[in-house]
Each structure stands twice: as C-alpha cells, then as structure tokens.
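Residue numbers (the numbering used here): 142 to 566.
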C-alpha cells in the first residue's frame, strides 16, 4: 500500500514537469491554458491529499497491529479468560489503553515525572474521570516472567488494605507492561526522614503511627490475602505518605513475582543494600521473615533518622543494622537515637521499640517474630505506652524466651541488662 502511494507521487510529479516544460505542445488552445493549470493543480492536490490519508491509515493500522501483538504477548488473552471465568474480576482489574495513558500523562511529558530509577519511570496522570494516578513505565522486561505477570496483577488488584497502595490496573499494549496505581501526594518516607521533603511532622507519635501502619500492611499481605504475598524490597523509599501522612506500602519488586510451590507469591528478589536479609545470601531462599528483617531496618531508620548505609561511618558500622546492634550490645543505644525520640519517649517505650527492632534483626530467621506479632506489639506500645507488667528494674523478658537466650547473632548475650543497668538510677 505504501509502495502504491509512492508511485502516485512519482506520476504526479512527472505530469507536472511535462506541463511546465511543454505547455504549448500539450495545450493547443491558449485560451484554455488557465483552466488547464487550475485542473492540474486540483488534481495534484487531490493526489497528495489521498496519499497523505493513505499514509496515515497505514501508520494507524501498523500501530494497532503492534498493540494487539503486545497485548497478546503480555498476557491480555489470559486476563480476558480469567475475567470470563470470574466476573468479579472485571470491576477489580482494569485494562487501560495506551491512548488513555498518553492523554492522562500529556504524552508522558517529562514535567509529569514523579520519580526515575533503574527499573523505570513513574509519571503523574489524570484520568478522564478526574482521578489522579501514578503510571509506572518500566524500562526493562524479563520475557520469561511475562506469562506470570497477569496472575500477579489479578492477585494484587484484589488487595484491599488502607496501608497498601491500590493497584488500579495495567496497560498491556506496550513493549513493557505498565502499571497504574493510586497517586500518593506526600512522597516517600525516605525523603521525609532524610531532609529532602519539607513540612514532615517528625515526632515519636508519628514514628509509632507509621511503623504500626507498615507492620499491619505487611501482616495483611503475609497472612490475610488469598495467596500470601512477600514484598521482597521493604525500605523507606517504598513507603509512601498520603496527605495525612498515613503510610502506604508500594512497589512490589516492579510487580514481577515468582511462585514458590504455588503456596505464596514473592517478588523477584533483588532487594536493596542495607535492607536485605543476611540469611538470604546463604540460603537463596526468601521467606516472610526476610520482610521482617527489612522492616527491622526501617524501624531503626525511623528511630535514628540515619540512612541504612552511612557515608560517614566506616567498616561494619557503615550498615545501620550492625551499628544499632553493636550499640545495643554495648549499652549505649540512647546515644545513636534521634534527639527528638529520646526527648519525647519514656525509657520504657524506647526499650520496647529497641527490643522489637533487635528481634526483627536477628540473623537467624527462626528467632524473628512474624509481622503479625510485630504489628500487635507496636499497636500495644502506641496505644498504652508500655504494658504495666514491664518494669525497668526487671530483666526484660518482653517477647518470648526464644529470643532472650540469643543475641541477633545467635549467641548468649546480656544486651538488655547492660542497657538497663547503664541507664538506671
């Protein structure tokens, strides 16, 4: 079809040249010269117009075919089949078109970029119904994972928790599938903690609120969904804050999951330095307790306002987790906590939070609590400010004998006694 258009152009050009070169030979009657020129001009105009229309039709057809090919490759037909077998999914899983997203993001204008990373770019968009959304456009794709992609989207679209970013749908018409989620206005917890966001109301109450909300969200994902979901990359930059600074867990490993014995879903684990479960390096197995370890790092990041990897400390102390554990073992944890935390918190509150963080950071998974236990303990600290049964002059058997007999490194330790004794009197 395109070749046909080119031939029409060539014929039109040749005819025009003939009329210019041999006007009198071609036109026997001079009085008709003007009429002939007008007719030629009109003819050429129509030929050009028809050629342009044909070109646009061809281009649109090619684009539509490409979109259909991507849609099929990215699992669109599988999603349609799942919707037919379970009509309830129709309202939960929305398939967006590229046209809708181009319109929503002003053709992916750079002014709409919310964030950019190694995995892709996130754009702010507004749908035709007025909803503000975040559109994640990945820069890479693992084709071996595309077959599983739709199953994951279906599962995540059914996740409904106030502290988990809501997945609204996906777009399958592009080379790399795009994810569309609710827009969270106050950015990441990382930016708020480390000075890159203004107006964050940092306080112990805020720390307890955020920690409790994140723990509750993870407990829900681990145990309350139809298939347990392990996040795989818990960190402060994957925790968003809404207009009331309520925490929202986001970014499930760019939503690329693998099934483990078809019993749970977990992100394709890559993780982030400073947050990764040390036991994962030994076993290459990711479990719910791996999320617990990462949450422990988030908790001490909240308490210290220190980054997970320091550029000012050296050796093993560069890791915030190691730095915190050593401070606990040496009995001077108060010295590394944020001044506002020490000022606003009672000694019992700080002890309870420090103990909980230590349990989460235990190098042996079997001694870490579940996220449900963590959420319950944080809620208890938040609402009642330390149970009355816990006294500072008693060896703090707070969270089970299994832990108190072991340090985070699996050895006998008097960490908590030294902490208490150093601050008594």
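Quick reminder that beta carbons are idealized off the backbone N, C-alpha and C, glycines included.
These numbers come from a predicted model, not from an experiment.
Q) For residue 376 versus residue 434, is the C-beta distance shorter than 8 angstroms? A) no
Q. By DSSP, does residue 265 sit in helix, in strand, or in coil?
A. strand
Q) Since residue 482 is in the beta strand (DSSP E), which residue starts that stretch and which ends it? A) Unbroken run through residue 482 is the alpha helix (DSSP H), 480 to 485; no beta strand (DSSP E).
Q. Exposed or buried, residue 193, counting other C-beta atoms within 10 Å across all chains shown (16 or more means buried)?
A. exposed
Q: Using beta-carbon positions only, say whether residue 381 and residue 439 come within less than 8 angstroms of one another.
A: no
Q. From residue 272 to residue 265, what distance separates their C-alpha atoms?
A. 11 angstroms
Q. Going along the chain, which residues of its own chain have a beta-carbon closer than 8 angstroms to the beta-carbon of residue 172, five neighbours each way excluded?
A. Because the pLDDT at residue 172 is just 49, under 50, the model does not fix this residue reliably, and the value given afterwards should be weighed accordingly. Nothing meets the Cβ criterion.
**Q.** Limits of the alpha helix (DSSP H) - the one that residue 513 falls within
**A.** 512 to 525
Q.
I'd like to check one pair, residue 429 with residue 319: are the Cβ atoms closer than 8 angstroms?
A. no
Q) Exposed or buried, which one is residue 357 when buried takes at least 16 other CB atoms within 10 Å? A) buried
Q: Just mark residue 432 as buried or exposed, buried being the case when its beta carbon has 16 or more other beta carbons within 10 Å.
A: buried
Q) So, residue 481 versus residue 290, is the Cβ gap smaller than 8 angstroms? A) no
(Q) Which residue marks the beginning of the beta strand (DSSP E) containing residue 475, and which one marks its end? (A) Residue 475 -> no beta strand (DSSP E), and no H or E assigned at all.
Q) In angstroms, rounded to a whole number, what distance separates the CA positions of residue 458 and residue 501? A) 18 angstroms
Q: Identify whether residue 239 lies in helix, strand or coil by the three-state DSSP scheme.
A: helix
Q. Could you check where the beta strand (DSSP E) with residue 581 kicks off and where it finishes?
A. Because the chain here runs from 142 to 566, residue 581 falls outside it and cannot be looked at.
Q | Sequence-distant residues of the same chain with beta carbon closer than 7 angstroms to residue 522, five excluded per side | A | 349, 490, 493 and 494
Q: Assuming residue 368 and residue 296 form a contact by the criterion Cβ under 8 angstroms, report the distance between their Cβ atoms to the nearest whole angstrom.
A: 6 angstroms
Q. DSSP state of residue 532, grouped into three classes?
A. With a pLDDT of 39 at residue 532, under the threshold of 50, the modelled position of this residue cannot be trusted; read the value that follows with caution. DSSP places residue 532 in coil when its eight states are reduced to three.
Q | Helix, strand or coil at residue 416 according to DSSP, with G and I counted as helix | A | coil
**Q.** Identified DSSP bridge partners for residue 319
**A.** 278 and 312
Q: Kindly identify the DSSP beta-bridge partner or partners of residue 305.
A: 390
Q. Under a three-way DSSP split, which group does residue 492 fall into?
A. helix
**Q.** Beta-carbon proximity of residue 383 to residue 325, cut-off 8 angstroms
**A.** yes
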